[in-house]
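Take the sequence shown: its position 72, counted from the start at 1, is 88 in our numbering, and no numbers get skipped.
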Amino acid sequence: MPPAKATTMPSLRAPHLLPPLLLALALAGTACEARDQGTIPGHGGLTSASDRTSPATDEESPSPTTDEESPSPTRDGSEEPTAGTREPGPTEPTGATDTPGEVTGSTDTAPDCRQSRDVPTTRRARDNERLVHGQVAVIGHIIDGDTFDLVVDGVAYRTRILGLDAPECEKEQKPVGGMMRFRCVPHQDNDHWGWESYCEMVRLASMEEVVVSCEGTVPGEACPLDVYDRTLAYVDRTSDGADLGEALVRAGGAWSFTRYESERRATYCDAEDDAIADGLGMWAIGRDAVLARMDAGTRRWYRDRDARCEDARQ
Numbered sequence: 017m018p019p020a021k022a023t024t025m026p027s028l029r030a031p032h033l034l035p036p037l038l039l040a041l042a043l044a045g046t047a048c049e050a051r052d053q054g055t056i057p058g059h060g061g062l063t064s065a066s067d068r069t070s071p072a073t074d075e076e077s078p079s080p081t082t083d084e085e086s087p088s089p090t091r092d093g094s095e096e097p098t099a100g101t102r103e104p105g106p107t108e109p110t111g112a113t114d115t116p117g118e119v120t121g122s123t124d125t126a127p128d129c130r131q132s133r134d135v136p137t138t139r140r141a142r143d144n145e146r147l148v149h150g151q152v153a154v155i156g157h158i159i160d161g162d163t164f165d166l167v168v169d170g171v172a173y174r175t176r177i178l179g180l181d182a183p184e185c186e187k188e189q190k191p192v193g194g195m196m197r198f199r200c201v202p203h204q205d206n207d208h209w210g211w212e213s214y215c216e217m218v219r220l221a222s223m224e225e226v227v228v229s230c231e232g233t234v235p236g237e238a239c240p241l242d243v244y245d246r247t248l249a250y251v252d253r254t255s256d257g258a259d260l261g262e263a264l265v266r267a268g269g270a271w272s273f274t275r276y277e278s279e280r281r282a283t284y285c286d287a288e289d290d291a292i293a294d295g296l297g298m299w300a301i302g303r304d305a306v307l308a309r310m311d312a313g314t315r316r317w318y319r320d321r322d323a324r325c326e327d328a329r330q
């Protein structure tokens, strides 16, 4: 039998289809490589949507620190205001505070002028202990531009200077002499010039011996307190007789506080006018700029300042 004739199977190759298929595969590979490099072929190197930087989502970006997470100062038994609040004026009712302004960084380059040491104190004054008119004391821990301790025989009497109002600084609470005390945070203000006002008071008064003078009293009589149990007084340095309140106002570190009556109003008004004219302290940026940076509470009483100063000079 003759050998079987081999049957030739038709080829499955389709030469006329191969080039388009290979071209498609090649283009697909090129596109994948292009995506990996962040470009789209044939579009002039435009960045692909998947590689464009998009804003971070809330989940990706850290959320602001909550009040619960950030420690806030607590009262230490002396009823000092918490950080970020204003010291009350001499006769404001309990709880009445001016609306604090926006907390801003200091515009000055004053160094860290916090007290390097305080007058040694053993305790705070008790309810039945009062400073008296004419008493000699030493200025101890300074809280801000217008509030500090007067120390007599190791006892600390928290005192607010009469007749002026100093810009407020942001406060922190630190242990001082075994007691938790408030003090200014460097270069953090509730009012324009709050930190610098504190620095000026430290320069003028730290550990200075002073004579205490109070309104409506005679020598030897107890000085009045405000609703925060602060002694309300003027303080004059024994070394040269300088009124430290007047000195602070004259340096541009405080306003004459015409909201309340003061025996030294005319003196403090004159000192403030001189500071404004000379562009000292807070007034270096101009009076209009200072007024614009005052908080609402300060602006309310300050609008009558010029008229009240003029009346005091009569």
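We put the CB at the ideal spot given by N, CA and C, even for glycine.
What's the gap between the Cα of residue i and the Cα of residue j?
i    : j    : result
G268 : Y318 : 15 Å
E145 : V167 : 12 Å
D290 : R266 : 7 Å
R139 : A323 : 43 Å
S64  : G161 : Reliability of the predicted coordinates at S64 is poor, the pLDDT of 30 falling under 50, and the value obtained from them is presented with this limitation in mind. Cα to Cα, S64 sits roughly 59 Å from G161.
E188 : E216 : 18 Å
C185 : T163 : 12 Å
G179 : S213 : 15 Å
R91  : G313 : With a pLDDT of only 29 at R91, under 50, the local geometry of the prediction cannot be trusted, and the value read off the model is given with reservation. Cα-Cα distance, rounded: 24 Å.
C285 : V171 : 33 Å
E277 : P202 : 32 Å
G150 : H157 : 21 Å
Y173 : R316 : 30 Å
Q330 : R246 : 31 Å
V306 : G295 : 11 Å
D169 : C200 : 26 Å
V234 : D242 : 18 Å
D165 : C325 : 29 Å
R142 : G232 : 22 Å
Y250 : M223 : 16 Å
C129 : P183 : 16 Å
L264 : A258 : 11 Å
Along the chain, where does the beta strand (DSSP E) that runs through residue i open and close?
i    : result
S229 : E225 to S229
M195 : M195 to D205
Quick one: grab the DSSP three-state call for residue i.
i    : result
G334 : Coverage of the chain is limited to positions 17 through 330, which leaves residue 334 absent and any answer about it impossible.
R142 : coil
E188 : strand
Y173 : strand
A276 : For the sequence presented, residue 276 should be read as Tyr rather than Ala. Coil, per DSSP.
T390 : Because the chain spans 17 through 330 in this model, residue 390 falls outside it and cannot be assessed.
L166 : strand
L178 : coil
A44  : Caution applies to A44, whose pLDDT of 46 falls short of 50 and renders its modelled position unreliable; the value that the coordinates give is listed next. Here A44 sits in helix by DSSP.
D259 : strand
V148 : strand
A238 : strand
V135 : coil
Assuming the contact rule is C-beta atoms closer than 8 Å, residue i and residue j should be a hit. Round their C-beta distance to whole Å, please.
i    : j    : result
F198 : I159 : 5 Å
L260 : R176 : The pair is not a contact, with the Cβ atoms about 13 Å apart (cut-off 8 Å).
E225 : V152 : 6 Å
A287 : E262 : 5 Å
W271 : D181 : 5 Å
L254 : V218 : Going by the sequence as given, residue 254 is Thr instead of Leu. Contact doesn't hold; Cβ gap of about 18 Å is too wide.
T274 : D320 : 7 Å
I292 : R309 : In fact, because the Cβ distance is near 14 Å, the residues do not count as touching under 8 Å.
D252 : S229 : 7 Å
I'd like the span of the alpha helix (DSSP H) that includes residue i, first residue to last.
i    : result
G210 : G210 to A221
D290 : R281 to D294
D245 : Where D245 is concerned, there is no enclosing alpha helix (DSSP H), given that its DSSP letter is neither H nor E.
W317 : A312 to Y318
V306 : R303 to R309
C325 : R321 to R329
Kindly say whether residue i, judged by its beta-carbon, lies nearer than 7 Å to any beta-carbon of chain C.
i    : result
S278 : Of the protein chains in this structure there is only one, and it is not chain C.
Inspect the CB distances between the stretch 189-205 and the stretch 133-142 and report whether three or more fall short of 8 Å. A contact is defined here as three or more CB-CB pairs under 8 Å, and the stretch 189-205 meets this definition with respect to the stretch 133-142.
Just checking, does the stretch 196-216 make contact with the stretch 224-243 on the three C-beta pairs under 8 Å criterion? No, because fewer than three Cβ pairs between the stretch 196-216 and the stretch 224-243 fall closer than 8 Å, the two stretches do not touch.
Could you check whether the stretch 290-305 touches the stretch 274-281, counting it as contact only if at least three pairs of C-beta atoms, one from each stretch, sit closer than 8 Å? When C-beta atoms of the stretch 290-305 are compared with those of the stretch 274-281, fewer than three pairs fall below 8 Å, so the two segments do not count as touching.
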